[in-house]
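See below for the structure under consideration.
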Amino acid sequence: MHDLVTQADIDAFQRDGVVLIKGLFRDHVDGLRRGIERNMAEPGPYAAENLKAGEGGRFFDDYCNWTRIPEFEQAIRHSPAAEVAADLMQSRQVQMFHDHVLVKEPGTSKPTPWHQDGPYYFVEGKQTVSFWSPLDPVREASLRCVAGSHAWPKPVLPTRWLAETSFYPEDDAYMPVPDPDAEGMDIREWEMEPGDAVAFNYGILHGARGNTTQSRRRAFSLRLVGDDARYVERPGRTSPPYPGHDMSPGQVLREDWFPILYRR
41 MHDLVTQADI DAFQRDGVVL IKGLFRDHVD GLRRGIERNM AEPGPYAAEN
91 LKAGEGGRFF DDYCNWTRIP EFEQAIRHSP AAEVAADLMQ SRQVQMFHDH
141 VLVKEPGTSK PTPWHQDGPY YFVEGKQTVS FWSPLDPVRE ASLRCVAGSH
191 AWPKPVLPTR WLAETSFYPE DDAYMPVPDP DAEGMDIREW EMEPGDAVAF
241 NYGILHGARG NTTQSRRRAF SLRLVGDDAR YVERPGRTSP PYPGHDMSPG
291 QVLREDWFPI LYRR
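Each step along the sequence shown adds one to the number in my numbering, with nothing skipped, and position 143 is 183.
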């Protein structure tokens with residue numbers, strides 16, 4: 041296994057679905073900061089501003105930009121993230137899914153809503169991992185994950201962050217979004233330094249606190265999949281949508297769009 045990972049980390053990830061990996065992107069922090077500035081200056085087609093009129097601050101996010109922002113590609117291909125993902129997922133290979141940037145400027149009190157990543161995506165499998173890495177020291181504006189929620193019998197219904205509407209038709213396949221604080225769930229969060237990363241399964245319920253500090257909170261996220269990941273159809277348009285992918289249910293993600301980053 042990679043030096044950044046211990047057997048205890050692997051056991052925690054397999055059991056709880058979430059673990060902290062210190063220093064995962066530590067050699068790429070400056071490059072990722074430059075990439076985020078480039079991304080914000082030249083947003084992609086999926087870029088969003090997630091605040092309503094009158095809400096203070098700025099909450100920007102964008103995804104699927106790694107092929108046009110070289111700093112992102114450098115971190116994805118040359119950091120230990122893919123090898124660490126293989127260790128945590130216990131997978132022989134690691135395949136790219138997508139990148140995601142989330143920026144909360146000072147005075148952005150709005151939290152990131154509780155959600156699971158998996159229901160938004162057209163991929164299913166137990167071997168999945170998201171890395172959430174802050175590029176600024178994180179104390180208050182932290183990521184919060186509900187341990188064990190990847191093993192819940194039903195996924196949580198995905199919602200649109202700004203409109204606060206359901207992403208798909210509400211039916212028995214999904215459960216309503218819970219309130220982990222009110223329900224006393226096992227919430228994991230950490231103080232983090234730039235380049236640290238929270239690793240969590242796509243099925244983990246998570247959200248993030250607002251940023252009421254006087255400092256920026258820039259975060260780079262990387263979504264990867266392992267051996268058992270397969271394309272699946274959802275009851276509506278997925279996010280990311282990847283129009284024109286031409287994949288069929290049960291198919292391995294096409295490698296020309298979703299390249300293999302690491303093989304054992």
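A virtual CB, placed ideally from N, CA and C, is assigned to each residue, including glycine.
From the DSSP output, in three-state form, read off residue i for me.
| i | result |
| --- | --- |
| M136 | strand |
| E145 | coil |
| S206 | strand |
| E164 | strand |
| P159 | helix |
| L60 | strand |
| S170 | strand |
| V124 | helix |
| R200 | coil |
| F100 | strand |
| M215 | strand |
| E113 | helix |
| A88 | strand |
| R228 | strand |
| R274 | coil |
| R55 | helix |
| R263 | strand |
My assumption, with CB atoms under 8 angstroms, is that residue i sits in contact with residue j. Please give the rounded CB distance.
| i | j | result |
| --- | --- | --- |
| G97 | W154 | With a Cβ gap of about 20 angstroms, G97 and W154 do not count as contacting. |
| G243 | S131 | 16 angstroms between Cβ atoms; not a contact. |
| V134 | L264 | 5 angstroms |
| A214 | V196 | The amino acid occupying residue 214 in the given sequence is Tyr; Ala does not appear at that position. Going by Cβ atoms, the distance from Y214 to V196 rounds to 7 angstroms, so yes, they are a contact pair. |
| L202 | N90 | 5 angstroms |
| Y160 | S279 | 4 angstroms |
| H253 | A181 | A small correction: the amino acid at residue 253 is Thr; His does not occupy that position in the sequence shown. Their Cβ separation, rounded to whole angstroms, is 7 angstroms, which keeps T253 and A181 in contact under 8 angstroms. |
| G250 | K150 | 5 angstroms |
| H285 | R294 | 7 angstroms |
I need the boundaries of the beta strand (DSSP E) containing residue i, first residue and last residue.
| i | result |
| --- | --- |
| F298 | No beta strand (DSSP E) holds F298; DSSP gives it neither H nor E. |
| G247 | H246 to A248 |
| R256 | Here R256 belongs to no beta strand (DSSP E), and DSSP marks it neither H nor E. |
| R184 | L183 to V186 |
| V238 | A237 to F240 |
Exposed or buried, what is residue i when buried is set at 16 or more other beta-carbons lying within 10 Å of its beta-carbon?
| i | result |
| --- | --- |
| I116 | buried |
| G57 | buried |
| D102 | buried |
| A118 | Note on identity: in this sequence residue 118 is His, with Ala being the wrong assignment. Exposed, because fewer than 16 other Cβ atoms sit within 10 Å of the Cβ of H118. |
| M20 | Residue 20 cannot be examined here, being either before or after the span of the chain that is shown, 41 to 304. |
| G158 | buried |
| T199 | buried |
| D49 | buried |
| A121 | buried |
| E164 | buried |
| D236 | buried |
| R55 | exposed |
| G71 | buried |
| S288 | exposed |
| A239 | buried |
Under DSSP, the alpha helix (DSSP H) around residue i begins and ends at which residues?
| i | result |
| --- | --- |
| R108 | No alpha helix (DSSP H) holds R108; DSSP gives it neither H nor E. |
| A81 | V69 to A81 |
Can a CB atom of chain B be found closer than 8 angstroms to the CB of residue i?
| i | result |
| --- | --- |
| P234 | Structure shown: chain B not included; a single protein chain is present. |
Determine, using beta-carbon pairs with one atom in the stretch 228-240 and one in the stretch 50-66, whether at least three such pairs fall under 8 angstroms.
Enough Cβ pairs lie closer than 8 angstroms, so yes.
Looking at C-beta atoms only, is the number of pairs between the stretch 250-270 and the stretch 142-150 that lie closer than 8 angstroms three or more?
The stretch 250-270 is in contact with the stretch 142-150.
Is the number of C-beta pairs between the stretch 115-134 and the stretch 164-177 that are closer than 8 angstroms three or more?
Flag = yes, the stretch 115-134 and the stretch 164-177 touch.
Just checking, does the stretch 180-187 make contact with the stretch 270-281 on the three C-beta pairs under 8 angstroms criterion?
In this structure the stretch 180-187 does not lie against the stretch 270-281, because fewer than three pairs of beta carbons, one per stretch, are closer than 8 angstroms.
Using 8 angstroms as the Cβ pair cut-off and three pairs as the minimum, do the stretch 103-119 and the stretch 149-165 touch?
Judged by Cβ distances under 8 angstroms, the stretch 103-119 makes no contact with the stretch 149-165, as fewer than three pairs qualify.
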